[in-house]
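Numbering (our numbering), first residue to last: 408 to 553. Cβ coordinates follow ideal geometry from the N, Cα and C atoms, glycine included. What you are looking at is a predicted structure, and each value in this text was computed from that prediction instead of being measured. Notes follow once the structure below has been shown.
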Ligand code: SF4
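What follows is the structure in structure tokens.
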């Protein structure tokens with residue numbers, strides 16, 4: 408099982424935002440810099456996180472991105488499922504496999520995929536940023552002076 412780069416970036420972004428305190432509010436560009444990725448890639452990931460209710464943008468002076476209470480409590484398994492979508496671990500349709508209609512391997516792989524997600528279900532975003540990960544996240548490039 409391999410996560411898409413999009414999912415990985417979204418997870419890293421929400422983890423970075425989750426360690427911000429009241430004095431540190433990051434913009435999408437600052438998250439991109441902290442993650443060392445293109446702004447457009449970070450923007451897509453953060454937009455998806457906003458649609459999921461995990462991150463919200465606060466406007467006005469001192470505004471920026473914040474993780475919502477829901478986002479902090481969100482199950483990592485749920486979040487990864489949402490970010491990965493319906494994609495299976497094997498492509499049976501492109502090109503079409505003649506076994507598609509009666510394949511026990513496909514069923515087994517779907518079960519294995521679900522087991523992978525189920526392992527992540529008990530973890531929350533807040534769990535992911537506990538020490539030693541949190542302090543390292545904080546040390547990544549932060550906001551530029553305003
Ligand atoms: S053998 Fe089964 S799992 Fe593999 S591509 Fe064909 S239908 Fe899918």
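Pairwise C-alpha distance: residue j and residue i
i, j, result
"residue 500", "residue 507", "8 angstroms"
"residue 411", "residue 491", "7 angstroms"
"residue 534", "residue 524", "16 angstroms"
"residue 497", "residue 488", "16 angstroms"
"residue 546", "residue 429", "16 angstroms"
"residue 480", "residue 449", "22 angstroms"
"residue 453", "residue 419", "10 angstroms"
"residue 520", "residue 441", "30 angstroms"
"residue 531", "residue 458", "18 angstroms"
"residue 527", "residue 414", "14 angstroms"
"residue 451", "residue 538", "28 angstroms"
"residue 517", "residue 493", "11 angstroms"
"residue 502", "residue 513", "15 angstroms"
"residue 476", "residue 486", "14 angstroms"
"residue 510", "residue 467", "55 angstroms"
Cut-off 8 angstroms between Cβ atoms - residues of its own chain near residue i, not counting five sequence neighbours on either side
i, result
"residue 446", "435, 436 and 439"
"residue 432", "465, 469, 470, 471, 472, 473 and 550"
"residue 529", "482 and 484"
"residue 456", "417, 420, 421, 462 and 478"
"residue 408", "496, 519, 520 and 523"
Close-in-space but distant-in-sequence residues of the same chain around residue i (CB under 7 angstroms, 5 per side omitted)
i, result
"residue 544", "422, 423, 426 and 536"
"residue 541", "426"
Reduced DSSP category for residue i - H, G, I as helix; E, B as strand; rest coil
i, result
"residue 471", "strand"
"residue 500", "strand"
"residue 537", "coil"
"residue 462", "strand"
"residue 425", "helix"
"residue 553", "Reliability of the predicted coordinates at residue 553 is poor, the pLDDT of 44 falling under 50, and the value obtained from them is presented with this limitation in mind. Correct three-state label for residue 553: coil."
"residue 411", "coil"
"residue 527", "helix"
"residue 433", "strand"
"residue 542", "helix"
**Request:** Give me every residue whose Cβ sits closer than 7 angstroms to any heavy atom of the ligand SF4, in chain order.
**Result:** Look at which beta carbons fall closer than 7 angstroms to any heavy atom of the ligand SF4; those residues are 497, 498, 499, 504, 506, 507, 510, 512, 513 and 516.
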